[in-house]
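For the sequence shown, my numbering gives the first residue as 574, with consecutive numbering after it.
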Amino acid sequence: MLQLDKSISKPYYVQIYEYYRREIEEHRMIAGMRLDSVRELAQAAGISKMTVEKAYYQLASEGYILRRHKARYEVASLGGLEARTEEAAAPVLREASRRPVYAYDFASGDMALERFPLDIWRKYMNRILSEPDRLLAANDDQGVPDLRRALSRYVYETRGVHAEPSQIIIGAGTISLLGVLTNLLHDKYACIGVEDPGFRLGREIFRNSGYSIVPIPISGGLLHVDALEASGVRLVYVSPSHQFPTGTVMPAGIRHRLLHWAEKTDGLIIEDDYDSELRYYGRPVPALQGLDRHGRVVYMGALSKVLPFFIRLSYMVLPPQLMPLYEQRRS
Numbered sequence: 574m575l576q577l578d579k580s581i582s583k584p585y586y587v588q589i590y591e592y593y594r595r596e597i598e599e600h601r602m603i604a605g606m607r608l609d610s611v612r613e614l615a616q617a618a619g620i621s622k623m624t625v626e627k628a629y630y631q632l633a634s635e636g637y638i639l640r641r642h643k644a645r646y647e648v649a650s651l652g653g654l655e656a657r658t659e660e661a662a663a664p665v666l667r668e669a670s671r672r673p674v675y676a677y678d679f680a681s682g683d684m685a686l687e688r689f690p691l692d693i694w695r696k697y698m699n700r701i702l703s704e705p706d707r708l709l710a711a712n713d714d715q716g717v718p719d720l721r722r723a724l725s726r727y728v729y730e731t732r733g734v735h736a737e738p739s740q741i742i743i744g745a746g747t748i749s750l751l752g753v754l755t756n757l758l759h760d761k762y763a764c765i766g767v768e769d770p771g772f773r774l775g776r777e778i779f780r781n782s783g784y785s786i787v788p789i790p791i792s793g794g795l796l797h798v799d800a801l802e803a804s805g806v807r808l809v810y811v812s813p814s815h816q817f818p819t820g821t822v823m824p825a826g827i828r829h830r831l832l833h834w835a836e837k838t839d840g841l842i843i844e845d846d847y848d849s850e851l852r853y854y855g856r857p858v859p860a861l862q863g864l865d866r867h868g869r870v871v872y873m874g875a876l877s878k879v880l881p882f883f884i885r886l887s888y889m890v891l892p893p894q895l896m897p898l899y900e901q902r903r904s
């Protein structure tokens, strides 16, 4: 960034000239990059346009910048010098780009971005950006009301989840919502049962929030309910529609046993329903929350498999009896 030193006797046009020459020679400004207009630079630096024109004229006469017809000056190609600069940087660039190439990527947490309709997304984004009232509505702590209403319909139609818009809390990823939940439940639950093996990061969030962690074995891809009942915990974190990492689906019998356990112990189930909308065959298995008739399930969902990762849109559905506590903590 250009900074004129007014404490020295060197003329301003010389300082401008030397600054741009150095930036171009050291390849921080590359060929084709446009410079500020004479008027813009003069206003920003608090100097006359004649001073800027004098510096630009000198740079142009030496071949550092080019003037296009009715356009701003732009950086010229330095030929051999530019080639040497690129050659010197090449080993570093080659090292940074040296990544293994795979024919198939089975890693979790990604989506097929090339299949996402970016043109439609761009159209919707432009429509929203042209409506200031909708942007101002984003000041709601639980998330934009229109979005919560849309999610209320979406989770019912795709996952069988019963959720009023007032029960939905929007977050930038499941991790941020788990942070809200740990704070909300800490006074009532001191320990939590977690699937073993299971979602490690979710487990660590509860551990870091002061909860005691009680591993509940996964046998043949299924939760060992007898071990859960014997553990004495009243809070459990499960992924019934797609157990991580085994990928199994919790059968109806175990789901009903789990709900009965929660009702009998005055317990609570946290259902992590990640990437359950998409299946290779058949219809998606309905969420555990849809079977709950006594408000014993906190439903965690994310749109990471249907929206690009950079949007980071997740949501949590609290049972009605937790909403007053959430409102109290929020206020």
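Even glycine gets a Cβ: it sits at the ideal position worked out from N, Cα and C. Just so it is clear, the structure is predicted and the values come from calculations on it, not from any experiment.
| Query | Result |
| --- | --- |
| Nearest to residue 729 by alpha carbon, out of 861, 716, 893 and 587? | 861 |
| Which stretch, first to last residue, makes up the beta strand (DSSP E) that contains residue 844? | 841-845 |
| In angstroms with no decimal places, state the Cα-to-Cα distance between residue 872 and residue 611. | 58 Å |
| Let me know the alpha helix (DSSP H) ranges lying completely inside the stretch 701-733, each 4 residues or longer, listed in chain order. | 705-709 and 718-732 |
| Return the Cβ separation of residue 725 and residue 741 in integer angstroms, given the expectation that the two are a contact with Cβ distance under 8 Å. | 6 Å |
| Among residues of its own chain, excluding the 5 on either side of residue 888, which ones have a beta-carbon nearer than 6 Å to its beta-carbon? | 724, 741, 743 and 874 |
| Please specify which runs of the beta strand (DSSP E), each continuous and at least 3 residues long, are wholly inside the stretch 778-809, giving them in chain order. | 785-792 |
| DSSP has residue 765 in a bridge; who is on the other side? | 786 |
| For a minimum of 3 consecutive residues, which ranges assigned as the beta strand (DSSP E) are wholly contained in the stretch 582-655? | 638-640 and 646-648 |
| Let me check one thing: in DSSP terms, what residues is residue 870 bridge-paired to? | 842 |
| Across the stretch 807-817 and the stretch 757-774, are there enough close Cβ pairs to call them in contact, namely three or more that are closer than 8 Å? | yes |
| For residue 744, write down the residues that DSSP places opposite it in a beta bridge. | 887 |
| Could you give the C-beta distance for residue 597 and residue 637, rounded to a whole number, given that I count them as a contact under 8 Å? | 5 Å |
| In angstroms, rounded to a whole number, what distance separates the CA positions of residue 656 and residue 690? | Note that residue 656 has pLDDT 46, beneath the 50 cutoff, so the model's placement of it is unreliable and the number below is only indicative. So the two alpha carbons sit approximately 39 Å from each other. |
| Which residues in the same chain have their Cβ closer than 8 Å to the Cβ of residue 633, if we skip the five residues on either side of it in sequence? | 639, 640 and 646 |
| Give me, in chain order, the residues of the same chain whose beta-carbon lies closer than 8 Å to that of residue 654; leave out the 5 immediate sequence neighbours on both sides. | Below a pLDDT of 50, predicted positions are generally treated as unreliable, and residue 654, at 49, falls in that range; the measurement from the model is reported next regardless. Excluding sequence neighbours, residue 654 sits near 598. |
| What would DSSP say about residue 825, mapped onto helix, strand or coil? | helix |
| Measure from the alpha carbon of residue 614 to the alpha carbon of each residue in 575, 752, 737 and 751, then state which is nearest. | 575 |
| Just to confirm my understanding: we take residue 607, look at its own chain, exclude 5 residues before and 5 after, and list those with CB closer than 6 Å. What are they? | 645 and 647 |
| When the Cα atoms are used, what is the spatial distance from residue 904 to residue 629? | 58 Å |
| Nearest-angstrom Cα distance between residue 884 and residue 878? | 11 Å |
| Using C-beta distances below 6 Å, list every residue in its chain close to residue 618, excluding the 5 sequence neighbours before and after it, in chain order. | 577 |
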